[in-house]
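Engineer: The structure follows.
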Amino acid sequence: MRLNGNTNDFRVSVGRVVARGSLDSCGELMGGGYEVVFDSYSYEDTVEPLIEYIGGLVDGLSGVDKIYLEGSVISPELSRGNRYVSLLFCLRTTHGGSTYISPLGMGDLVFSIDNNAMKSVSAILTRSSIYPFLVVRLFKMLFDGVKTHDLLRRVYRSAGDLLDATLSRLKVPKKCSIDPSEYSGGVARYIVVYRCQRSYVSSVIEPSDLARVFREPIKGLILDHHVASLYTSNRDAAYYYAAILNLMVYLTIKHRIGRLARDQFGRPLLAIKKSGLEWRDLEWQREVARISEEIHRKRGELLEILGLRSDLEIFELVDRCEDNEIIEILRRGRVSNIFKHISYSMEKISEIVLRNTSIENIIEAIKRYTIEKPYRIYKG
C-alpha cells in the first residue's frame, strides 16, 4: 500500500522483491541488498475489477429470468487443416432410404447415415452466426449426449486415423442447451444471444423461430461456448437488451474508445448495470425496443449485406450443403458493414438513450468493463 503525496490517498500496488548481489556458500546475500520494485499495475487495476465482476451480476438483470454467461464447449467444432472430422455437418441429399452427409469444410468426405443416427441431430448456434440484430444460421451436428462418442464411431468409422484423432479431443455437453419440450404448450420465452469474444453484438431468437426449428426431428439447440444468453418472457425487455448491447459496440467503434477485450462473457452486462441502463419498463426503453424489433424484421436486407440470399432460413435440415458456403461467408463477414447499413436506426437509438442517460457514464462503463487497452480518453 502506497501513499499518494498529492492527495494523501492510499493505493494498493502490485510489486516484487528483487535481490541484488550474489549468494555465499550458506545462501546469504553478499555485496547487495533487497529492493521493492512496483509494477505499472495495481490492485485497483486488476483484482478489484475481478471482484466487482464476480459480485456485480449476483442479483441478475432486471427483466431477465435466466442468464448464461457462456454456452457449451464443443470440440472439434470445425476441422482446421483437415486434421479432425468436423462435428458440424451439412446434409447433401436423401435418396433411396439413405441420407448422405459431409463434415463442414470437408466436402471431399461423404458418409451414408442411417435413420437411427438421423434421430441424433442437434441444431447449434455458433458465435460466428451472431451479427447485430441478426442470427444468420443454426448449423447441424451429430449429438447424443454421453453417447456421442459411440455415435461418431458408428457414422464415421471409415475415416480411420482421422476419426481416432477426432475422438481423442472430443468434447460435447451432456444435453442440449434448449430442449424442444421447453417450447411446447405455448410457452413464449425470448432468448437474447450475444458473442462472448471481442465484439459482443446481439440478436433476439423469438419463440416462433424456435417453434419452426423444432418442427424438424432434432434433439434440441446447443449454444456454443462463446455465446452468452439471456432468457425472458418479456418481449420488450428482450429487444431492448439486444439494442443496448449493440449500441455499446456501436459507440465503441464510433468514438474509438479502445480495443474490445478478447473474453467478454458477463462484462457487457456489468457495463449495462453500472451505467444505469437496466430495463425499467420506461416509455423511452419501450421505444428503443420498438426500433430494435424493426431492425430485426429487416433480416433479408441484413443477410444481403453479408453476401447471403435474402430468403435464407435460420435452419434447414436438408441444406444440400449450402451450409459450407454460409460458414465461409461468415468467416469474412464484418460487423461494421451491418452497422453502416443500419446507421440511421442506430443513431435514433443512441439519441433516445442519451436523452435519458449520461453519455459519460456509458463511455466510462464501456471502458472499465469491456475494453482491453483504452487508447483514447473520451472528451465529449
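For the sequence shown, my numbering gives the first residue as 452, with consecutive numbering after it.
All C-beta atoms in this analysis are idealised placements derived from N, C-alpha and C, irrespective of residue type, glycine included.
Using the three-state DSSP reduction, which class does residue 736 fall into: helix, strand or coil?
Structural biologist: As a position in the sequence shown, residue 736 is number 285, starting the count at 1. Helix.
Engineer: With three or more C-beta pairs closer than 8 Å as the rule, is the region 700-712 touching the region 765-785?
Structural biologist: The region 765-785 vs the region 700-712: no contact.
Engineer: What is the DSSP secondary structure of residue 550, counted as helix, strand or coil?
Structural biologist: If you number the sequence shown from 1, residue 550 lands on position 99. Correct three-state label for residue 550: strand.
Engineer: Would you mind working out which of 623, 683 and 645 sits nearest residue 639, comparing C-alpha positions?
Structural biologist: Reading the sequence shown from its first residue, position 188 is the one you call residue 639. Cα-wise, what sits closest to residue 639 is 683.
Engineer: With burial defined as no fewer than 16 other Cβ atoms inside 10 Å of the residue's Cβ, what is the status of residue 805: buried or exposed?
Structural biologist: Counting from one through the sequence shown, the residue named residue 805 turns up at place 354. The residue is exposed, with fewer than 16 neighbouring Cβ atoms inside 10 Å.
Engineer: Is DSSP giving residue 789 helix, strand or coil here?
Structural biologist: In the sequence shown, residue 789 corresponds to position 338, counting from 1. Residue state, collapsed to three classes: helix.
Engineer: Go ahead and pull the three-state DSSP assignment for residue 651.
Structural biologist: Residue numbering aside, residue 651 sits at position 200 when the sequence shown is read from its first letter. Of the three classes helix, strand and coil, the one that applies to residue 651 here is coil, per DSSP.
Engineer: Between residue 711 and residue 822, is the Cβ-Cβ spacing less than 8 Å?
Structural biologist: In the sequence shown, the residue the question calls residue 711 occupies position 260. In the sequence shown, the residue the question calls residue 822 occupies position 371. Yes. Within cutoff.
Engineer: Roughly how many angstroms separate the alpha carbons of residue 558 and residue 533, rounded to a whole number?
Structural biologist: In the sequence shown, the residue the question calls residue 558 occupies position 107. In the sequence shown, the residue the question calls residue 533 occupies position 82. Cα to Cα, the separation comes out at about 11 Å.
Engineer: Can you tell me whether DSSP reads residue 494 as helix, strand or coil?
Structural biologist: Here the question's residue 494 lines up with position 43 in the sequence shown. Any reading at residue 494 must be qualified, since the residue scores a pLDDT of 48, below 50, and its modelled position is unreliable; the value itself is stated next. The answer is coil: DSSP assigns residue 494 none of H, G, I, E or B.
Engineer: Thinking residue 722 and residue 616 are a contact (beta carbons under 8 Å), I'd like their distance in whole angstroms, please.
Structural biologist: In the sequence shown, counting from the first residue as 1, residue 722 sits at position 271. In the sequence shown, counting from the first residue as 1, residue 616 sits at position 165. With 8 Å as the limit, residue 722 and residue 616 do not qualify as a contact, their Cβ atoms being about 41 Å apart.
Engineer: Rounded to a whole number of angstroms, what is the C-alpha to C-alpha distance between residue 553 and residue 590?
Structural biologist: Taking the sequence shown and counting its residues from 1, the one referred to as residue 553 is at position 102. Taking the sequence shown and counting its residues from 1, the one referred to as residue 590 is at position 139. Distance between the alpha carbons of residue 553 and residue 590 is about 13 Å.
Engineer: Have a look at residue 676 and residue 519 and give me their C-alpha separation to the nearest angstrom.
Structural biologist: Looking up residue 676 in the sequence shown gives position 225. Looking up residue 519 in the sequence shown gives position 68. For residue 676 and residue 519, the distance between alpha carbons rounds to 10 Å.
Engineer: Figure out for me which residue from 528, 751 and 762 has the closest Cα to the Cα of residue 556.
Structural biologist: Mapped onto the sequence shown, residue 556 falls at position 105. Taking only the C-alpha atoms, the option nearest residue 556 is 528.
Engineer: Out of curiosity, what's the CA-to-CA distance linking residue 757 and residue 793?
Structural biologist: Start at 1 with the first residue of the sequence shown, and residue 757 comes out as number 306. Start at 1 with the first residue of the sequence shown, and residue 793 comes out as number 342. Their Cα atoms are separated by approximately 13 Å.
Engineer: Let me confirm a value: residue 544 is counted as buried when at least 16 other C-beta atoms fall within 10 Å, else exposed. Which label applies?
Structural biologist: As a first step, residue 544 must be located in the sequence shown, where it is residue number 93. Exposed: under 16 other Cβ atoms inside 10 Å.
Engineer: Out of 550, 803, 563 and 569, which one is the CA nearest neighbour of residue 668?
Structural biologist: As a working mapping, residue 668 is identified with position 217 in the sequence shown. The shortest Cα separation from residue 668 among 550, 803, 563 and 569 belongs to 569.
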